[in-house]
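Structure first, then comments.
Protein chains: 2
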Amino acid sequence: MVTTKYIKPTESELEILRILWERNTASVREVHEELSKTKEAGYTTTLKLMQIMHEKGLVGRDDSVKTHIYHPVVSREKTQKHLIGKMITTLFGGSSTELVLHALGNHKASPAELEEIQQLLNNLKKQ
Amino acid sequence: MVTTKYIKPTESELEILRILWERNTASVREVHEELSKTKEAGYTTTLKLMQIMHEKGLVGRDDSVKTHIYHPVVSREKTQKHLIGKMITTLFGGSSTELVLHALGNHKASPAELEEIQQLLNNLKKQ
DNA sequence: GTTCTTTTACGAATAATATCGTATTTTGCT
DNA sequence: AGCAAAATACGATATTATTCGTAAAAGAAC
Numbered sequence: 035m036v037t038t039k040y041i042k043p044t045e046s047e048l049e050i051l052r053i054l055w056e057r058n059t060a061s062v063r064e065v066h067e068e069l070s071k072t073k074e075a076g077y078t079t080t081l082k083l084m085q086i087m088h089e090k091g092l093v094g095r096d097d098s099v100k101t102h103i104y105h106p107v108v109s110r111e112k113t114q115k116h117l118i119g120k121m122i123t124t125l126f127g128g129s130s131t132e133l134v135l136h137a138l139g140n141h142k143a144s145p146a147e148l149e150e151i152q153q154l155l156n157n158l159k160k161q
Numbered sequence: 035m036v037t038t039k040y041i042k043p044t045e046s047e048l049e050i051l052r053i054l055w056e057r058n059t060a061s062v063r064e065v066h067e068e069l070s071k072t073k074e075a076g077y078t079t080t081l082k083l084m085q086i087m088h089e090k091g092l093v094g095r096d097d098s099v100k101t102h103i104y105h106p107v108v109s110r111e112k113t114q115k116h117l118i119g120k121m122i123t124t125l126f127g128g129s130s131t132e133l134v135l136h137a138l139g140n141h142k143a144s145p146a147e148l149e150e151i152q153q154l155l156n157n158l159k160k161q
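Here it is as structure tokens:
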């Protein structure tokens with residue numbers, strides 16, 4: 035079994051991944067357009083970043099057409115898992131519960147969402 | 035009112051803060067000893083990092099004694115809040131619930147902890 | 001097929017982090 | 001006082017991440 039080692043995306047790379055996770059595929063131009071809404075950066079900067087991500091294996095691309103189309107290779111779930119894990123360790127002294135309490139306490143959730151959490155909670159309690 | 039602007043700790047700085055949050059105060063030597071358990075680094079590297087953190091205002095220190103004693107200035111809570119916020123935005127598409135579900139799902143919690151979460155959940159539902 | 005536009009490739013500059021070597025300072029001990 | 005041990009100060013280097021300018025390539029439009 036080939037265990038592919040986890041590559042930690044940098045902050046800028048995460049921003050790009052976020053867009054790709056949302057859209058599934060996108061050209062550099064599209065990613066850059068989206069990025070520009072929240073941050074200042076030249077087009078070639080975005081391009082270079084995405085090329086580096088491609089080298090690292092964070093994203094794949096279809097370059098059979100003129101305008102290359104990129105897609106995420108690392109899954110959102112896996113990335114979430116890694117970052118949450120790290121966060122729990124260094125920021126919450128190992129207690130996932132503390133993280134949950136903070137997340138719930140500081141950011142409002144809808145009744146439906148609360149219900150969803152309740153469901154999961156019920157399941158966990160049963161065991 | 036003087037709003038002190040948030041200083042984002044780097045990754046290494048977070049590791050040091052974690053130790054200071056745990057112990058409240060510590061010398062460079064003590065922090066370095068603790069750090070050495072999980073990572074390779076020279077003593078002066080740790081020293082330098084802590085000096086920089088002092089300049090930035092992330093930590094304070096008592097240098098009236100030979101061996102300077104450091105303490106955290108930024109609170110764990112505030113730092114948690116910032117990082118969670120960022121995480122929810124870029125990694126969970128703005129949904130704190132998704133973060134909660136992930137955290138709960140991937141990392142086991144004790145019955146007591148589950149109960150604690152239940153309490154908070156009940157409170158939130160009431161509103 | 002020449003020109004214009006868009007895109008990619010790529011090297012290089014800059015900036016931010018992290019690491020470490022060496023000199024100096026401080027203090028305890030004899 | 002003189003010496004050794006431990007600590008700090010600080011500049012230099014290394015490493016990683018980000019930014020961007022310029023040239024070459026690929027089509028599209030005429």
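Here the protein sequences line up with chains A and B, keeping their order. Quick note on numbering: the first sequence equals residues 35 to 161 in my numbering. Quick note on numbering: the second sequence equals residues 35 to 161 in my numbering. In this text, a Cβ means the ideal position worked out from N, Cα and C, and glycines have one as well.
Please identify, using Cβ separations under 8 Å, the residues of the segment 116-139 of chain B that lie next to chain A, in order along the chain. Leu117, Ile118, Gly119, Met121, Ile122, Thr124, Leu125, Phe126, Gly127, Ser129, Ser130, Thr131, Leu133, Val134, Leu135, His136, Ala137, Leu138, Gly139
Going by the DSSP bridge assignment, what does histidine 105/A pair with across the sheet? To locate residue 105/A, count along the first sequence from 1; it is residue 71. Note: histidine 105/A sits in a beta bridge opposite Gly94/A.
So who's on the other strand from serine 61/B, going by DSSP bridges? Counted from its first residue, the second sequence places residue 61/B at position 27. Bridge partners of serine 61/B: Ile103/B.
Tell me whether glutamate 45/A is buried or exposed, calling it buried when 16 or more other Cβ atoms sit within 10 Å of its Cβ. As a first step, residue 45/A is located in the first sequence; it is residue number 11 there, counting from the start. Exposed is the call here.
Where methionine 87/A sits in the DSSP three-state scheme: Taking the first sequence and counting its residues from 1, one reaches residue 87/A at position 53. Correct three-state label for methionine 87/A: helix.
Compute the Euclidean distance between the alpha carbons of glutamate 74/A and leucine 83/B, then round it to the nearest angstrom. Your numbering for residue 74/A matches position 40 in the first sequence. Your numbering for residue 83/B matches position 49 in the second sequence. Straight-line Cα distance between these residues: approximately 30 Å.
Scan the segment 94-113 of chain B for residues whose Cβ lies nearer than 9 Å to a Cβ of chain A and list them as they occur along the chain. Arg110, Glu111, Thr113
Contact belief for glycine 139/B with leucine 154/A at Cβ below 8 Å, rounded distance in angstroms: Looking up residue 139/B in the second sequence gives position 105. Looking up residue 154/A in the first sequence gives position 120. So it is a contact: roughly 7 Å between Cβ atoms.
Beta-carbon separation (whole angstroms), isoleucine 118/B vs alanine 137/A, contact threshold 8 Å: For this step, residue 118/B is matched to residue 84 along the second sequence. For this step, residue 137/A is matched to residue 103 along the first sequence. Their Cβ separation, rounded to whole angstroms, is 6 Å, which keeps isoleucine 118/B and alanine 137/A in contact under 8 Å.
Give a yes or no on whether 7 Å exceeds the smallest Cβ distance from lysine 159/A to chain B. To locate residue 159/A, count along the first sequence from 1; it is residue 125. Judged by the 7 Å Cβ criterion, lysine 159/A is in contact with chain B.
How many angstroms separate the CA atom of serine 70/A from the CA atom of glutamate 64/A? Looking up residue 70/A in the first sequence gives position 36. Looking up residue 64/A in the first sequence gives position 30. For serine 70/A and glutamate 64/A, the distance between alpha carbons rounds to 10 Å.
Just to confirm my understanding: we take valine 93/B, look at its own chain, exclude 5 residues before and 5 after, and list those with CB closer than 7 Å. What are they? Translated into positions along the second sequence, residue 93/B becomes position 59. Closer than 7 Å at Cβ, skipping near neighbours: Leu54, Met84, Met87, Tyr104, His105, Pro106, Val107.
Selection from Thr123/A, Lys115/A, Lys142/A, Met121/A that minimises the alpha carbon distance to glycine 128/B: Position 94 of the second sequence, counting from 1, holds the residue named residue 128/B. Glycine 128/B has its Cα closest to that of Lys142/A, out of Thr123/A, Lys115/A, Lys142/A, Met121/A.
Beta-carbon of alanine 75/A versus every beta-carbon of chain B: anything under 7 Å? The count along the first sequence starts at 1 and reaches residue 75/A at position 41. Not an interface residue.
Does alanine 146/B pass the burial test, meaning 16 or more other C-beta atoms within 10 Å, or should it be called exposed? Sequence index remark: in the second sequence, residue 146/B carries index 112 (1-based). With a 10 Å radius around the Cβ and a threshold of 16 neighbouring Cβ atoms, alanine 146/B comes out exposed.
Do leucine 125/B and glutamine 114/A come within 7 Å of each other at the CB atom, strictly closer than that value? Here residue 114/A is taken as the residue at index 80 of the first sequence, counted from 1. Here residue 125/B is taken as the residue at index 91 of the second sequence, counted from 1. Yes, Cβ-Cβ distance for glutamine 114/A and leucine 125/B is below 7 Å.
Use the C-beta contact count for threonine 131/A: other C-beta atoms within 10 angstroms, 16 or more gives buried, fewer gives exposed. Walking along the first sequence from the start, residue 131/A turns up at place 97. It is buried - the Cβ of threonine 131/A has at least 16 other Cβ atoms within 10 Å.
C-alpha gap between arginine 57/B and arginine 95/B, whole angstroms: Residue 57/B sits at position 23 when you count from the first residue of the second sequence. Residue 95/B sits at position 61 when you count from the first residue of the second sequence. Arginine 57/B and arginine 95/B: Cα-Cα distance of roughly 14 Å.
Do isoleucine 41/B and lysine 90/B have their beta-carbon atoms positioned less than 7 Å apart in this structure? By one-based count along the second sequence, residue 90/B stands at place 56. By one-based count along the second sequence, residue 41/B stands at place 7. Going by C-beta atoms, lysine 90/B is nearer than 7 Å to isoleucine 41/B.
Do you know how far the Cα of histidine 66/B is from the Cα of tyrosine 77/B? Sequence index remark: in the second sequence, residue 77/B carries index 43 (1-based). Sequence index remark: in the second sequence, residue 66/B carries index 32 (1-based). Distance between the alpha carbons of tyrosine 77/B and histidine 66/B is about 6 Å.
Buried or exposed for valine 62/B, please, with buried defined as at least 16 other CB atoms from any protein chain shown within 10 angstroms of its CB. For this step, residue 62/B is matched to residue 28 along the second sequence. Buried, since its Cβ has 16 or more Cβ neighbours within 10 Å.
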